[in-house]
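So the structure is just underneath, and the comments pick up after that.
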DNA sequence: TCTTGACCTTCCCATGATTGGAAGCCCTAA
DNA sequence: TTAGGGCTTCCAATCATGGGAAGGTCAAGA
């Protein structure tokens, strides 16, 4: 399989496959005589793993750890669970931040009549009724 | 006021003040004879507006629009409200995505006993029980 | 008056993950 | 043989922010 086929089979774009290889997340692909990268089922499976982990929002360095654990027969599931729960925590932190922003804004927007008049509690919150 | 004082007074770092000026979000600051940027209460108020808008997660291009509306006596509050609600929508979209990730991961982690054994539903979800 | 330390200036680089594009080589089908 | 699509590498941009270097400026203290 060439990189394009591996991309289709794994759901990871060819660009990203090359990038993941360049940063060492995945091993260097074998090459044909003419220099084309060559992939088999095994490599596609790894790419799919990476894809799924990215879809779950794991940052690349954590995916590196997950890949290592995946390949370690003597792993402790506790290590995997810790990585997952740490990531959940970081997600929830960001969610809480964004939810606070959204709540504040929704509240301000509710108080804004939203018509042709200039009076606006949103702008008043941001910096006062009129620009200086 | 020099840029450092304006930074302290507004909560925007000196680095960011220069950056906002360079991209045209805020007007170019006046300069002293020796080339130092010079700020007054008016400029600090603008910076505070930008700061508050950033804290609410508005992207810079939207802050540009908000600043323009702030300075427009004939604005329609409807325009401000629309910008705010569009942003709320974009926040809620991202929140929903991240919440879905967190829910999936938390669910998988619950099913993972998290001990010294290698069996792990998290890894199984990502790519199967063992690396290829 | 000179020195010192804190400030300012511009310029470049890095982040993280991803996309886009350009220039040039390779492969296959017509 | 040619046309096209796919492959290669390299470079640039995203978005907002921080870090740092090299060099100029200012104010306080000796």
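Chains as they are written, first to last, in our numbering: chain V, -13 to 118; chain A, -13 to 118.
Think of the CB as a built atom: it goes at the ideal place given N, C-alpha and C, for glycine as much as any other residue.
If the five residues before and after residue 6(V) are omitted, its C-beta is found closer than 6 Å to the C-beta atoms of 12, all from its own chain and listed in chain order.
With a beta-carbon spacing of about 6 Å, residue -8(A) and residue 29(A) fall inside the 8 Å limit used to define contacts. In the three-state DSSP reduction, residue 103(V) falls in the coil class, being neither helix nor strand.
Just so you know, the alpha carbons of residue 18(V) and residue 4(V) end up roughly 16 Å apart. Contact of residue 4(A) with chain V by beta-carbon distance below 7 Å is absent, the smallest such distance being about 20 Å.
Taking residue -4(V) as the centre and dropping the five residues before and after it, the same chain places the C-beta of 30, 33, 34, 37 closer than 7 Å to its C-beta, in chain order. At least one CB atom of chain A sits nearer than 8 Å to the CB of residue 80(V). For residue 27(A) and residue 39(A), the gap between their C-alpha atoms comes out near 18 Å. Taking 8 Å as the threshold, the shortest C-beta distance from residue -3(A) to chain V does not fall below it. For residue 87(A), the closest Cβ of chain V is nearer than 8 Å. Residues of chain A with a Cβ closer than 8 Å to the Cβ of residue 47(V) do not exist, since the nearest Cβ in that chain sits about 16 Å away.
Using a CB distance cut-off of 8 Å, residue 117(V) counts as an interface residue toward chain A.
Beta-bridge pairing by DSSP links residue 24(A) to 16(A). Residues of the region 37 to 64 of chain V that bring their beta carbon within less than 8 Å of a beta carbon in chain A comprise 38, 39, 41, 42, 43, 52, 53, 55, 56, 57, 58, 59, 60, 61, 62, 63, 64, in sequence order.
Out of -11(A), 81(A), 109(A), 75(A), the CA that lies nearest to the CA of residue 65(V) is found in 109(A).
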